[in-house]
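For the sequence shown, the numbering used here assigns the number 1218 to the initial residue and increments by one for each residue that follows.
Glycine included, C-beta positions come from ideal geometry on N, C-alpha and C.
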Amino acid sequence: MATITDVAKQAGVSVATVSRVINNRGYLSANTKAKVQAAMDALHYQPNIAARNLHGKATHTVGVILPDIINPFYAELFQTVEQLLFAAHYQTVLCTTNGEPEKEKKYLRLMAANQVDGIISSTHNPDLADYQNPAVPTVAFDRVLSDQIPMVGSDNEAGGRLIGDYVAQHQPKCCLILAGSQEDLAPLSPRIAGMQAALAVTPSAVDQVAVPFDQPAPVRNQLIRQQLAEKDYDAILCTDDLTAITVFESYPADRRPLITGFDGSKFIRQYYPALTTVIQPLEDLCQLAIRLLRNNIDGGKEKAASYQLPVTLHVGQTK
């Protein structure tokens, strides 16, 4: 990890000057500030602002980075993580990125500067340089961020196969796999691969379309409805429950095709019991992520491996 001395050497200034830039003290030219900031960015240096006087003591704070908490799955994820960390005497800081790389980068550096003990991230921006050499212990949730960071997630491909096998039993003539992202990002790709493998042994025609998460909800919903109007699908396999809800509500009950989702939050199972979906073992995933993170915080050396937990199929209730 870079030090203030490394920054001073990179910028060609004194350590005192770097300190003055960090603390915004005294007169400094714009050129000097720019050189120091460029050096800090190049070295991924994180000035210890809030905890500078703690002399290496733990802050008992964990940062959680999520795309949003509008999605019931992410809301339940954060609630579960927060409760488990609170029971372990940690406080939790939540940051939502809305899929914006610059926003995520700033949050990562802000957390490191304020010396959180660790970070749990479920990012949509795995190519950020900050993840290649993380400033603090980090665990990824359902996203491979780098070969330096352990990843905890569900067996998404197996979940896709469960859904595909269930749909195949109904012998649909025309299926649509509707992805909630236009990019080939995990965990969506393994889910789609599992669905496709299960449907490949059937005579069903299978279309595949992606709708971006980063659109405003009304726009996104309209794009989904436009796609549904193009063909008379008798089965629609969605890669997430939010997309499945939009599809579900786009049809009158008496003309609704077979619709499936993926994630299986408590909210979905309670308010949309008719939706068939894959349930991720959320509490087990959160417990494992926290165990790995705390072990690294305490000086352990957890391998940057991928840990995949089994999923289950929730068959929608019918009246």
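Cutoff 8 Å; reference residue i; Cβ partners in own chain excluding five residues on either side
i, result
"Lys-1448", "Cys-1391, Leu-1393 and Asp-1424"
"Arg-1237", "Gly-1243 and Leu-1245"
CA-to-CA distance, residue j to residue i, given in whole angstroms
i, j, result
"Val-1281", "Cys-1312", "6 Å"
"Asn-1512", "Glu-1299", "18 Å"
"Asp-1372", "Asp-1451", "27 Å"
"Gly-1411", "Ala-1417", "10 Å"
"Gly-1376", "Asp-1457", "11 Å"
"Thr-1494", "Ile-1287", "19 Å"
"Asp-1347", "Leu-1379", "36 Å"
"Gly-1478", "Arg-1442", "16 Å"
"Gln-1349", "Gly-1243", "34 Å"
"Ala-1434", "Leu-1510", "34 Å"
"Ala-1330", "Gln-1413", "45 Å"
"Ala-1247", "Val-1333", "30 Å"
"Val-1361", "Ser-1523", "8 Å"
"His-1272", "Pro-1351", "Note that His-1272 has pLDDT 45, beneath the 50 cutoff, so the model's placement of it is unreliable and the number below is only indicative. Roughly 20 Å separates the two Cα atoms."
"Lys-1320", "Ile-1476", "35 Å"
"Tyr-1383", "Pro-1389", "11 Å"
Start and end residues, beta strand (DSSP E) containing residue i
i, result
"Asp-1382", "Asp-1382 -> not in any beta strand (DSSP E); alpha helix (DSSP H) instead, spanning 1373-1386."
"Val-1495", "1494-1496"
Span of the alpha helix (DSSP H), counted from its first residue to its last, around residue i
i, result
"Val-1235", "1232-1240"
"Val-1298", "1289-1304"
"Val-1464", "1458-1465"
"Leu-1499", "1499-1514"
"Val-1426", "From DSSP, Val-1426 is part of no alpha helix (DSSP H) but of the beta strand (DSSP E) over 1422-1427."
"Ile-1178", "Coverage of the chain is limited to positions 1218 through 1536, which leaves residue 1178 absent and any answer about it impossible."
"Val-1224", "1221-1228"
For residue i, the residue or residues it bridges with in DSSP
i, result
"Gln-1308", "Thr-1278"
"Met-1368", "Ala-1357 and Ser-1523"
Same chain only: Cβ atoms within 7 Å of residue i, ignoring 5 sequence neighbours per side
i, result
"Arg-1486", "His-1531"
Cβ neighbours of residue i in the same chain (closer than 6 Å, five flanking residues each side left out)
i, result
"Leu-1325", "Asp-1347"
Practice task
Pair every Cβ in the segment 1219-1229 with every Cβ in the segment 1250-1264, then say whether three or more of these pairs are closer than 8 Å.
Solution key: Between the segment 1219-1229 and the segment 1250-1264, the count of Cβ pairs shorter than 8 Å is three or higher; the stretches touch.
Practice task
Report yes or no: do three or more beta-carbon pairs, one from the segment 1362-1371 and one from the segment 1428-1442, lie closer than 8 Å?
Solution key: In short, these stretches do not touch, since the Cβ pair count stays below three.
Handout entry: Three or more C-beta pairs below 8 Å linking the segment 1454-1468 and the segment 1355-1364
Key = The segment 1454-1468 makes no contact with the segment 1355-1364: fewer than 3 CB pairs, one atom from each, lie closer than 8 Å.
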